[in-house]
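What follows is a short report on a single structure.
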Amino acid sequence: NNNAHLTKLEGAPTIAFGAVTWFYLADSPGLANFLSEADKTFAVERLQQRDNTKKSAIRWGQIFSGMTDYQNYVHTLIHFCNNYSFAALSNFLPTIVRDMGYSSVTAQGLTAPPYFAAFVCCVAAAWASDRYGMRGFIVTGGSVMATAGYLILVLIRDESKIAARYAGVFLASCGIFPAMCINITWLLNNQGGDSKKGAGLAILATLGQCSSFMSSVVFPASDGPFYTKGTAIGCGLAGVTGIAAIGLHFALEFENRKRDLEFGPVDENTVIDVTEVGDKHHNFRYLT
């Protein structure tokens, strides 16, 4: 039947790409075939310079630091806001598109282009945030795009304006997914030590995922075809993401300037041992 063919069509690329990934996704930088020997050496040394704790050991001081660092809770708030849309779009996007006037099978097919566009935006966001080193601006940009997309879905209540509403779906998807991905990377970049990274990620994954429960109940069938309540909440949470991200960006930028004034600028080749003091080391600079 049509649903069976649709399942095969959607699943085949994932299976094929998974097989390719097996050969190209390295277990560590030192085993990455696509890197030169010099790049491998640099990547491995960079990781070893960060934390001298044995890989089988836990630094409880770093764990405590991670549990009390305000940054981790800002990142968790951002993840909470983004995860609402991540879960909502994953679960209800076919329903939203179907209620624009398409059949169920066609609606399933029309969810693919927004996801593909979001994938392209994720790759572009990853490149830009690494190229320019300003993850806060990338996350904020994604939140602005998502807010605009949700705002279109909230305000346009004319069933004949299908193209405009579908464009809103595109904007929401292309804003939320990159912001969510970059936020997780941003958290890990600024944790001094592997144990602190683990603590920060645990907070984000535990508390930040709670919005999934909320998203599962705010798109009742009775709200169709516009789902004003669910999309309005998504719009508000996307806006909160932008405020939190830009606020954290400037807070970290201020801390970097403060350390530069107190201890002097840091050479990019300086070896930093974060084993004991973590990212409070006077030569540590946060990625903003």
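To convert, take the position in the sequence shown, counting from 1, and add 726; that gives this note's numbering. Don't be surprised by glycine CBs; every beta carbon is placed ideally from N, CA and C. Note that the coordinates shown come from a computational prediction; the quantities given were computed from them, not determined experimentally.
Taking a contact to mean a Cβ-Cβ separation below 8 Å, would you say residue i touches residue j in this structure?
i, j, result
"G868", "A813", "no"
"V865", "N909", "yes"
"P755", "A769", "yes"
"F896", "A843", "yes"
"L930", "H805", "yes"
"V870", "G960", "no"
"G875", "A854", "no"
"L877", "R891", "no"
"I972", "G862", "yes"
"G859", "L1013", "yes"
"G1004", "Q788", "yes"
What is the DSSP secondary structure of residue i, counted as helix, strand or coil?
i, result
"I972", "helix"
"I882", "coil"
"E979", "helix"
"I929", "helix"
"H805", "helix"
"H1008", "coil"
"T767", "helix"
"N759", "coil"
"Y799", "helix"
"F812", "helix"
Out of curiosity, what's the CA-to-CA distance linking residue i and residue j?
i, j, result
"Y1011", "R983", "Rather than Tyr, the amino acid found at residue 1011 in this sequence is Arg. Approximately 9 Å between the Cα atoms of the pair."
"S921", "A947", "45 Å"
"A970", "F980", "15 Å"
"R883", "S941", "21 Å"
"N808", "K887", "27 Å"
"D993", "F818", "49 Å"
"T821", "T733", "16 Å"
"L881", "V943", "21 Å"
"C907", "L963", "16 Å"
"L803", "W912", "13 Å"
"F790", "A838", "43 Å"
"A872", "F743", "28 Å"
"V849", "P840", "14 Å"
Exposed or buried, which one is residue i when buried takes at least 16 other CB atoms within 10 Å?
i, result
"Y953", "buried"
"G956", "buried"
"V846", "exposed"
"L987", "exposed"
"H731", "exposed"
"L751", "exposed"
"V997", "exposed"
"L927", "buried"
"A783", "exposed"
query = Can we say the segment 910-923 touches the segment 794-802, given the rule of at least three CB pairs closer than 8 Å?
reply = yes
task = Check whether the segment 831-845 touches the segment 918-938, taking contact to mean three or more Cβ pairs, one atom from each stretch, closer than 8 Å.
result = no
query = Any contact of the segment 803-819 with the segment 894-905, i.e. 3+ C-beta pairs under 8 Å?
reply = yes
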